[in-house]
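Number of protein chains: 2
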Amino acid sequence: MATKRPGAQSRKEPVCRTEIPSIIQCDLDEAGGVKGLIGRLPSQKIIGKISATHHALSDPVRITILCLLGVQPLCVCVIKECIGIGGSKLSYHLNIMKENGLVDSEQQGNWIIYRLTDRGKKYADEIG
Amino acid sequence: MATKRPGAQSRKEPVCRTEIPSIIQCDLDEAGGVKGLIGRLPSQKIIGKISATHHALSDPVRITILCLLGVQPLCVCVIKECIGIGGSKLSYHLNIMKENGLVDSEQQGNWIIYRLTDRGKKYADEIG
DNA sequence: TACGTATTTCATATTAGTTTGAAATAGATG
DNA sequence: CATCTATTTCAAACTAATATGAAATACGTA
Chain A
1 MATKRPGAQS
11 RKEPVCRTEI
21 PSIIQCDLDE
31 AGGVKGLIGR
41 LPSQKIIGKI
51 SATHHALSDP
61 VRITILCLLG
71 VQPLCVCVIK
81 ECIGIGGSKL
91 SYHLNIMKEN
101 GLVDSEQQGN
111 WIIYRLTDRG
121 KKYADEIG
Chain H
129 MATKRPGAQS
139 RKEPVCRTEI
149 PSIIQCDLDE
159 AGGVKGLIGR
169 LPSQKIIGKI
179 SATHHALSDP
189 VRITILCLLG
199 VQPLCVCVIK
209 ECIGIGGSKL
219 SYHLNIMKEN
229 GLVDSEQQGN
239 WIIYRLTDRG
249 KKYADEIG
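Protein chains in written order, with the working numbering: chain A, 1 to 128; chain H, 129 to 256.
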């Protein structure tokens, strides 16, 4: 399988114009070069979903909600009281968490009760 | 411990003007009411760090980098070739990952080699 | 039906994150 | 030292996320 230039990627123009460090190059060859690395990547769709989930957890308000709901299901007014923010702001954040499958909600009379989904619990447990 | 209004929080003005669903109220009383919930929350500092870490993982480019470095340490030019983006953009994303302790880097000649930290590995492993 | 409470929706303002390309820096080599 | 390559830095343009308050909705009760 060896070509004229041992250690270089097979049949492709090089990544850099000069030779990259051999420690990297050797492993890279074993991995199948740039093509091999790309081949191992998850699909765009999966990568998008992973980053979207992290985005849903990337705000202090939402992490706080995650922790609160980790204790027990709560209606919006209790969450609001715990965090001390306005209703529309809270609704905005709850919605993002819901869209990303971290929480779901159920109406009971005037109140809407939010609880963690199994997925949400997983992330709440990671926190402690 | 029971007061005049059984099921209500002790000695505090109520969260809502009417009575919240009893399923919630009972658990809430056991948890020590709103005060009790707040008491269990992690510090602002910790909440901030958790959300910052998720933010560092909230972009498709950065998840892709995480996956690539999960295979092996790589120099910038190889990552660039795999993802197909400009150098300054890549540098921007690598910096965010570095600031959040997901990767570190080491210079070798003209090249800078990025690798996952243990923390970064943890998140890469979660992906698969 | 009319009214009160809890929650959401909507439009808009504000802020934060990302992209882009040109210029700067750092190391290697002649 | 001059030059080349790899990478970063910077400022500006662009885009996305968040905050805010007023209005709308949904339910309960009289």
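From the three backbone atoms N, C-alpha and C, an ideal C-beta is built for every residue, glycine too.
This structure is a prediction, so every number in the text was calculated from the model and none was measured.
Compare the C-alpha of Asp246 of chain H against each of H:Ile207, H:Ile240 and H:Gly198 and name the closest.
H:Gly198
Rounded straight-line distance, which links the Cα of Lys122 of chain A to that of His55 of chain A = 16 Å
Quick one: does Arg139 of chain H have its CB under 8 Å from some CB of chain A?
Here the model assigns Arg139 of chain H a pLDDT of 48, short of 50, so the residue's position is not dependable and the matter cannot be decided.
Discussion item. Here's the rule I'm using: 16 or more other beta-carbon atoms within 10 Å means buried, otherwise exposed. How should Thr64 of chain A be labelled?
Written reply: buried
| request: Starting from the Cα of Glu19 of chain A, find the closest Cα among H:Gln236, H:Gly176 and H:Val189 and give me that residue. | output: H:Gln236
| query | What three-state label does DSSP hand Ser233 of chain H in the structure shown? | reply | strand
Secondary structure of Ile79 of chain A, DSSP reduced to three states
helix
By the 10 Å Cβ neighbour count, where 16 or more other Cβ atoms means buried, how is Ile24 of chain A classified, buried or exposed?
-> buried
Exercise for review: Measure the CB-CB distance between Arg190 of chain H and Ile224 of chain H and report whether it falls below 8 Å.
Suggested key: yes
Compute the Euclidean distance between the alpha carbons of Asp104 of chain A and Tyr92 of chain A, then round it to the nearest angstrom. 14 Å
Problem set entry | Which residues DSSP lists as bridging Ile240 of chain H, in chain order | H:Gln235
| message | Determine whether the beta carbon atoms of Val204 of chain H and Leu28 of chain A lie at a separation below 8 Å. | response | no
Exercise. Using the beta-carbon of each residue, which ones in chain A are nearer than 7 Å to Asp187 of chain H?
Worked result: Ser51
Below 9 Å on C-beta distance, what does Ala31 of chain A contact in chain H?
Val199 and Gln200
(Q) Taking only three categories from DSSP, how would you classify Leu74 of chain A? (A) strand
query = Can you tell me whether Ser150 of chain H is buried or exposed, with buried defined as 16 or more other CB within 10 angstroms of its CB?
reply = exposed
> Is the CB of Gln108 of chain A under 8 Å away from at least one CB in chain H?
Replying inline: yes
Chain-ordered neighbours of Ile24 of chain A on chain H, where CB pairs are closer than 9 Å: Gln200, Pro201, Leu202, Cys203, Val206, Gln236, Trp239 and Ile241
Practice prompt. State buried or exposed for Gly256 of chain H, treating a residue as buried only when at least 16 other CB atoms are found within 10 Å of its CB.
Written response: exposed
Margin query: Between the alpha carbons of Val15 of chain A and Pro73 of chain A, how many angstroms are there, rounded?
Written below: 53 Å
Just the C-alpha distance for Lys217 of chain H and Ile112 of chain A, rounded to the nearest angstrom, thanks. 43 Å
> Over what stretch of residues does the alpha helix (DSSP H) that includes Ile85 of chain A continue unbroken?
Replying inline: Per DSSP, Ile85 of chain A belongs to no alpha helix (DSSP H) and is neither H nor E.
Quick one: what's got a C-beta closer than 7 Å to Leu68 of chain A's C-beta in the same chain, skipping five residues either side?
Leu74, Ile79 and Cys82
(message) Am I right that Asp59 of chain A and Ser171 of chain H are in contact with their C-beta atoms under 8 Å? What's the rounded C-beta distance?
(response) Contact flag wrong, Cβ pair sits at about 16 Å.
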